[in-house]
Amino acid sequence: MIPFEFFLVLAAILFVIGAYGVMTKSNAIIVLMCIELMLNAANINFVAFGAYNSDVMGQAFVVMSISVAAAEVAVGIAILLNAYKLRKTTELTDAELTSLRW
Amino acid sequence: MIEYTWLIPFVPMLCFVLIGIFGQKTPEKGGYIAIAGAAISFALSGIIALEYLTGPDYPNVVVDSICWFHIGDLQLNLGYYVDGLTCMMMLFSSFISTLIFVYSVGYMGDQGGRKKRYYAEVSMFLSGMLGLIVSSNFLEMFIFWEVMGLCSYLLIGFWSFRHPEGDAASSNAASAAKKAFLVTRFGDVCLMGGLFVLLGAFGSLDFVDLFNPVNIQNVNPDTLTLGMLLCFGGVIGKSAQFPLHDWLPDAMAGPTTVSSLIHAATMVKAGVYLVARGFPLFVQNPDVMLFVGLIGGFTAFFTATMALNNMNIKRVLAYSTLSQLGYMILSLGAGGYLFALGMDSGNAALMAAGTAGFVAGCFHMMNHAFFKALLFMCSGSVIHAVGTEDMRLMGGLRKQMPITSITMLLGSLSIAGFPFFSGFWSKDLVIEAAFEAGDHNVLFMVLWVLAIVTAFMTAFYMFRMWFMTFMGEKGKNTLHAAEHGHGESPKSMTAPLCILAVFAVVSGFFIMFGLDGMLSFTELPGGFFQVGGGHSEGFEYFSELFTNPYTYLTIVLALVGIYIAYLMYAKKKINPGRFNREGESVLYKVLTKRWGFPDLYNQLSWKLGYGIARGVDYVDRQVVDGTVNGLSGAVVGGGEAVSRVQTGDVHDYSSVVLLGIAVLAVLFIVIAKIMGGI
Amino acid sequence: MDFTSIFGDYTAIAPMIILLIGALVAPGVHLLGKKRTATWGFALAVVIVSMVINVLMLVDGWTGSTLGMVYYTDYSGLMMLLFQIVLFLAVVVSNASVETTRFNVGAYYALLMAASTGMMFVAGSQDLMMIFVGVELTSISSYAAVSMKRNDARAAEAAVKYVIIGGMSTALTLYGISMLYGLTGTTNIAAIAATTSITGISFVFGIALVAMIAGYGFKIAAVPFHMWAPDVYEGAATPVSLFLATGSKKMGLSVFFQIFLIMFVSGTACAKIAGPEVQYLFAIIAAVTMTVGNIVAIAQNNIKRMLAYSSIAQAGYILIVMAVMSEYALSAGLFHMFTHVFMKGGAFLVVGALICAGIGEKISDYRGLAKRAPFMAAAMMLFLFSLAGIPPLAGFTSKFFLFSSTMGVGTAAGISLESQWIWLAFVAILNSAISLYYYARVVKTMYVDTGESAERIKVPAAFTVAIAICLVAVVVLGVYPQLIFDLCETASHALLFA
Amino acid sequence: MDFPILSLLILVPMIGAVLTLVMGGGRQKSAKYVAAAFSAVTLVLALFVLFNSDSFSSMSESYEWIKTDFVSISFSLAVDGLSILMVFLTALLVFLVVVFSAEAEEVETDRPNYFHTLLLAMEVGLMGVYMASDYFLFYVMWEVTLIPMYFMISWYGGPRRHYAAIKFFIYTHVASLVMLIGIFAMGFKAAEVTGVVDFSFASIATVMHGVEEGFQALVFALLFFGFAVKMPAVPFHTWLPDAHTEAPTGGSVLLAGVMLKMGSYGIIRICLEALPLGASYWQWVIIAIGLVSIVYGAYACIAQKDLKKMVAFSSISHMGMVMLGIGCLSDAGITFAVFQMFAHGLITAILFMVCGMTGHKVGTREIPLLGGLAGKMPVYATFMMFAFMASLGLPGLVGFWGEFPVIFAFYEFIVANDMLWLLLFCMLSLMLTAGYYLWAMQRTLFGPETTKIDLSHAHDVSKTEFAAMAVLCVLVAFFGMWPDAALQFIEPYTDGLIDILGVI
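Residue numbers (the numbering used here), protein chains in the order written: chain A, 1 to 102; chain B, 103 to 780; chain C, 781 to 1278; chain D, 1279 to 1782.
See below:
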């Protein structure tokens, strides 16, 4: 059996990769994907804990969170499309997407 | 009738209100109201004095008071206090004031609408003085004392705007008024301190409580000494003693009638009166009396020097007032010193000698009131005619103004101590008191010498003034006045002159008719003090005086002074310029600069007042306010700075979130470690 | 009233169900009628019906649960009322505001109602999963609502930022919940508390805690998770800003109350283990939040941004509850949440009304407003003074209770003076004073400065009505706080000691 | 008494304020008559209360206001010897300001009615502060006074009015918030005993008297800070000169006349009544602040060029005298500190009226630009002289009785503590006070008529201005000659207070 800690470490690495991506990637789509990565890290945690504790709650939570993530990405992509239409860019560092400040 | 004593100050106060409200509509803008008020006060004073002196109570004090209010547990009263001293003071004050008001009708006749202000203010001034005289406690006295201070401010500054002689004179009057008020205020503040000490020590300010020997015994002598010294500070301010004397010459900026009122009937006499009234407390410590005497004697000499070369007729009179006030204080100091020594040693003879000094001081105060009022009013008459105060522009006025010149001559003779004139009697008694005290303290001997020299100087400068004004060649303004037919002043002015001249000549004889008994200061069995009811020497004075060799010394010195003045200014035999290198000598310059006192006052007030004030203002703006503004600036600037973190770049936002999590996690662990939760 | 006989097992979620149905039907109504106003009327009717039912249940004191998942208590009822009021204020002006009338109104009202439903579900939950789902329902609906201003570039940008930061926060929350689940094996809050009180806390627990604080702190806009808020409030249509600033924020706070307050409130077993640590953590967050919010607000020139920062600061004040963790503090915090709805909502409404009248969002655009629109200016002044805590307005009264709660622990057993949080009270009052500076600046601009134009402004009637409601509430709650404070006390008692 | 007269004292100006507020359009000009009527009614009510001093206790009112599980707040009003004088002063000054300003430029602007609204609103707050006997109500009313004053300055003020108004607003607001924390602390401490946070004066005071010194001292410090800023005492005073310099005349009159008194009223009413041990703990600090304020204020006056700013600093100096009297913690000290509050209220009202007239009749208040005004405007000059003399403590006028007995109380205190040299500061301040007033008078009223400014439009006092100032002058003289008229109210109160302080 794979040691329990491996799951946690995997999840943590995924989470950190996701967080790093959110902080550094300039393309909004990639940032959204990175957020997905972070969510999935949490999902892995849930599944691992659920399995470890023999508790269905973890898996139930994962189902919930996956659907939530899907909805979020759907809305997110729509919002990005809208922004692209108006700003002609999806680069988050562009002046067009940093006009609201201070 | 004596229970109506309170009316004496009340009537002039009522006149003040009446003139203030209706003055503009009455003839002479309220002048007659003021005269009537003063006359009623005089009449009341006369009736009450007569009733008191002939009544059953005499020589006991008649006192009555009502509760005014409380300070904590201490009760403060309003009331009147009548004894021999009160009678004398209120009589001459109201009498002279009445005459001055009458004189004012002529003197101020051309002042138009301003007369209302004038009469209102002089009425209040008189009210202040009379109130002070009849007060039954120190606080009441202090209030009237300050009311006079206010009135003197207003009256000295009467021409502080729209002066008939132009802007410079207005500025001058304004600054003189301010100086008078501030310098006397300095004394008043000391007096207030003295009242605190007395009130704290005795728990009352009523004279009857303060003069009660039982109470005095219970008070710490050092406290009492401090209190009396502080009170004397008030005297120094009000009676213009050295070193607070310098406001008085400047106060000549007011109308001459005001000078006359301040110098003769009211105001400066208040200080002397305070010493006389507080005598029972002053004599508790001989050193205090020594100090009083020193101040008085030195002032008498010191201020007389400045009269020697002054060219302004009113200024000469002002310095002579200072000098004469010095005499009075000296006399009270010397008498008090002897009395205190006598009390300590139980020596009745010393106490009697002390009483003589007290009588001399009060007596001189009264005589001085008559002749100084006369002199000022005469000078006013002269100024009225020639339109200048500079004696070099006068001269030869004797023919043009016969009444003025003669009455002024009588006044001058009196102040100079010419035998049998009023000043002669009292001044000799003063000098004698100093001499007696000299037996017990060598400092009084020094003061005696100064007093003798001052007597000489007085005779000289008074006659210098008279000769320069009325004799010799006609000056520029004399001629000018003659051209325009400005001769003798109107009757309303000359009549008071004549009346006063009579008093200036004869008031010295009052002492032969029991005045000394009325003013005698005695310690009764049981330690109570009393003014009045003493032994009256009557005509024995006459023989006493003329068997004393020093009397002849003063007479001779006075005559020599008059003669030198005659030679210098009437005959022009001696050129005064010889003595002062035509005004170039150091002494002459120093005298002209009034020994540097105006500069000293200016420097002190400038440095201690405005100098520190500028510093405080700087601190206020830069440090205190600066801190407030700095703090608010820091907050606003901090807001600007922090808002720059909000770059608009969503990466920064997410970085901040993650950084925040890291910081919070560390914080949580640290807190948990500290609290021992983990 | 016998609610159970009407709604059966679903009584506890009856107000939500009605809103949810409304949300589902609203687009259809719009498609059928193609009439803006009709859709608006429908949405308003739904909101009012839902609110009426809720108020009736609340006043009746009905309690119960649906499927053991959603509980209707005095607390959740009160929070639902708050969210309904927010929704009502947002909806009532949406048909009049030029910012929202060009929206696809069917979808727009549906989104608002869905978001509110999410909030209300959160209020009724006692389980982390329910809370998570409820929050996400709100979040996703509000992302969409922000971006509805379709032809507005600023709104688009705001929505992008909102969705990215929001998504990240969701991930953080989920990660935190997963840790907590791993540690305790349950997602029920009471059960988590019970387990923790036995096992004690660990580093992992701390990280889970912080991750959850961050995730929900995003909703509250607590510093340092606040940075999206000014941008989004500025970019979104004003009714949406209002909805976010007063509603969404309160949901976050409610989550804090329901999770951490229940776990760590003094006296519980959990509090004995980690109570002070958590309290200090929240105290620091509260202090930093109010300070940053206030001082940055000073630097703002855009009124909506300024109000956004002021919202951040107000959230900081309410976080005092989390530091003090007492029943009295919670009552005061709930009361402040109510007054904040009216005063901040009112301020946003005035801004929205003025945008309709063609006045910009810059503070300098408000010059001489007092002459052009006396009622608007007066209302704005009162809202701002209320926010600054000037008596006798509602903001003062609620702050009075809130700040005083730092002084002592009030329990049913008695009151004792505690010196622990007095420093927090000092930070709060200093902030209150700083806030006066920028509020007064707006007042000065409106009342003292003279503008270029002096013509009178007409604002839509709906706005006037909504503003008047807020104004009445601000004044009435100021002088007669008991109107709502009693409810807050019952609610806090219900939450903490049920 | 069943008749709620104290509530009416708050209600009447409130109605007046609302009425004047809604008087729009052409009726704005008549707002002054409405304001005059309402403030006159208030004054009559205040006089009625004043002359029924026997039934003070039966006039107090208390209505339950907020009652929760933990907090109990009531709407309680009461008057006693301390508050009635302030109530009277408030009613009087508001009425006189309305009269005084009848033709002033404030009421000539485009919002004449607002001026009166603000005045009456301020009256509401002031009345509330002076009559409240519940901390919540007290604090509410305390803050209510701020807003009208803020608008008063920013609408009708001088060139730097924005700076002054916001500084005034925030500075005093910070102070009152600090005070609020002190109130909280007291409330919760008292609640430990009573079980509920009851904010009524009486219930808190009862408990506080039994609390240990350390706590009392701490709370005293918080409350004292709040009050000292309001008074204002050096070094927390810098809002005042700015506020006064910029405020319109009516605002200044109320600000100095009654609003500053809120500070000293609070110290006596709250700090001393509730925290006697705290008072004795900080006694030397109070005295030091009082002394420093007196001397510092007086010195600052000398350096001022703006007449109004000078008078503002003189207020600091005179309120320092109040502080000094309070600091003595003796019967005499407190009694006459209260008297000084009353006296200063009357005098400073005339002072600011005079300064205001200088501003709008002559065109400038810069002392160096003025000169010789006495000839041009004799009535004005008379009032100015009277006010200055009253303010510098001329015996026979009311100011003296606020000074002499207070310094005497201080003298007794320092004699008991063997620090007699401190008396020198009082003496110095008396000198300085006379100095700056006389110097100012010399430079403004006397001397040659100024040529630096155009005096051709300067005109003397108008009828309404004369009436307002004359009333005040008469009162100044009346209470100066018969101080017992005011002391009869204060003394019974102080006796009770001394009993409380007796626990020291």
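Built from N, CA and C at the ideal position, the CB exists for glycine as well.
THR624(B) sits in a strand when the DSSP states are folded into three classes. Within the same chain, and ignoring the five residues on either side of ILE1283(D) in sequence, the residues whose Cβ sits closer than 8 Å to its Cβ are LEU1323, PHE1326, VAL1327, MET1337. Put simply, of TYR1413(D), ARG1643(D), HIS1451(D) the residue whose alpha carbon is nearest the alpha carbon of LEU1629(D) is ARG1643(D). A direct Cα-to-Cα measurement between PRO1646(D) and LEU1585(D) gives close to 10 Å. Annotation for SER1354(D): the continuous beta strand (DSSP E) segment containing it runs 1349-1355. For THR846(C), the beta-bridge partners assigned by DSSP are VAL850(C).
The beta carbons of ILE104(B) and GLU153(B) sit closer together than 7 Å. Around the beta carbon of PRO114(B), 16 or more other beta carbons lie within 10 angstroms, which makes this residue buried. Residue environment analysis places ILE1431(D) among the buried positions, since at least 16 neighbouring C-beta atoms fall within 10 angstroms of its C-beta. Below the 7 Å Cβ cutoff, chain D contributes MET1709 as neighbours of PHE288(B), in chain order. Counting only Cβ-Cβ distances below 8 Å, ALA895(C) has no contacts in chain A at all, with the closest Cβ about 12 Å away. DSSP places SER167(B) in the strand class (E or B) of the three-state scheme. Looking at SER433(B), GLU491(B), PRO627(B), the one whose alpha-carbon comes closest to that of PRO357(B) is GLU491(B). DSSP places TYR790(C) in no beta strand (DSSP E); its state is neither H nor E. Look at the region 1214-1227 of chain C: the residues with a C-beta under 9 Å from a C-beta of chain D are ILE1214, LEU1216, TYR1217, ALA1220, ARG1221, VAL1223, LYS1224, TYR1227.
At a Cβ-Cβ threshold of 7 Å, PHE283(B) and LEU1706(D) do not count as neighbours. Closer than 7 Å to the CB of LEU81(A) there is not a single CB belonging to chain C. In this structure LEU1550(D) is not in contact with GLY295(B), their Cβ atoms being roughly 28 Å apart against a cut-off of 8 Å. HIS1737(D) has a beta carbon lying at 7 Å or more from every beta carbon in chain C. Annotated three-state conformation of SER196(B) is helix, per DSSP. Taken through DSSP and simplified to helix, strand or coil, SER745(B) comes out as helix.
Per the DSSP secondary-structure output, LEU1197(C) pairs in a beta bridge with GLY1188(C). By the Cβ-count criterion, TYR996(C) is buried, with 16 or more other Cβ atoms from all chains shown falling within 10 Å of its own Cβ. The region 222-240 of chain B makes contact with the region 180-187 of chain B, as at least three CB pairs between them are under 8 Å. Assigned with DSSP and collapsed to three states, LYS501(B) falls in coil, not helix or strand. Across the structure, VAL1497(D) and ALA1578(D) are spaced so that their CA atoms are roughly 31 Å apart. The beta-carbon of ILE1195(C) is placed less than 7 Å from the nearest beta-carbon of chain D. Taken atom to atom, the span from the alpha-carbon of GLY1406(D) to that of LEU100(A) is near 47 Å.
For ILE771(B), the chain C residues whose Cβ falls inside 8 Å of its Cβ are PHE983, GLY986, in order along the chain. Here VAL885(C) is near THR819(C), since their CB atoms are less than 7 Å apart. Only residues of its own chain outside the window of five on either side were considered, and among them TYR1408, MET1409, TYR1543, ARG1547 have a CB closer than 8 Å to the CB of SER1361(D), listed in chain order. Between the alpha carbons of LEU1555(D) and GLU1421(D) lies a distance of about 28 Å. Leaving aside the five residues that flank HIS810(C) on each side, the residues in its chain whose CB is nearer than 7 Å to its CB run, in chain order, THR819, VAL885, GLY886. For the region 928-975 of chain C, the full-length alpha helix (DSSP H) segments reaching 4 residues or more read 933-964 along the chain.
Taken in chain order, the complete alpha helix (DSSP H) segments of 4 residues or longer contained in the region 656-704 of chain B are 688-694. Exclusion of the five residues before and after ALA462(B) leaves SER433, GLY437, SER528, LEU531, VAL532, GLU534, ALA535 as the residues of its chain whose Cβ lies within less than 8 Å of its Cβ.
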